[in-house]
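Undergrad: The structure that follows is given in the form of structure tokens.
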Amino acid sequence: MTPAEEKRFWAVVERAFARDDGQAARSHLAAGRPIYYCDDRYPDDFIRKWPDGRRELVAVDDAGNISVIRCL
């Protein structure tokens with residue numbers, strides 16, 4: 548990807564995030580699947596939220612393996 552293509556890509560992603568109303572996340576939770584999101588308090592990790600409301604701080608390695616750091 549060229550620098551110009553990368554700049555356009557991130558502009559599209561940022562616009563999509565700005566328009567996000569959370570419906571996709573709610574749909575995943577309603578279907579029984581967890582969602583993953585970032586929080587500035589944990590810059591190197593992710594939060595996994597389960598449909599029952601439980602939240603976990605998780606790490607994802609380069610192979611895509613998820614490990615629970617702790618419950619939140």
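Following this note's numbering, the numbering of the sequence shown begins with 548 at its first residue and continues without gaps. All C-beta atoms, glycine included, are put in the ideal place defined by N, C-alpha and C. All values derive from a computational prediction rather than experimental measurement.
Looking only at its own chain, which residues have a Cβ that is under 7 Å from the Cβ of residue 575, when we skip the five neighbours before and after it?
TA: 582
Undergrad: Alpha carbon to alpha carbon, how far is residue 551 from residue 564?
TA: 20 Å
Undergrad: Report buried or exposed for residue 561, applying the criterion of at least 16 other Cβ atoms within 10 angstroms of its Cβ.
TA: exposed
Undergrad: Helix or strand or just coil, what does DSSP make of residue 540?
TA: The structure shown does not extend to residue 540, since the chain is modelled only from 548 through 619, so no value can be given for it.
Undergrad: What distance in whole Å lies between the Cβ atoms of residue 606 and residue 592, which are believed to be in contact at a cut-off of 8 Å?
TA: Confirmed, about 5 Å.
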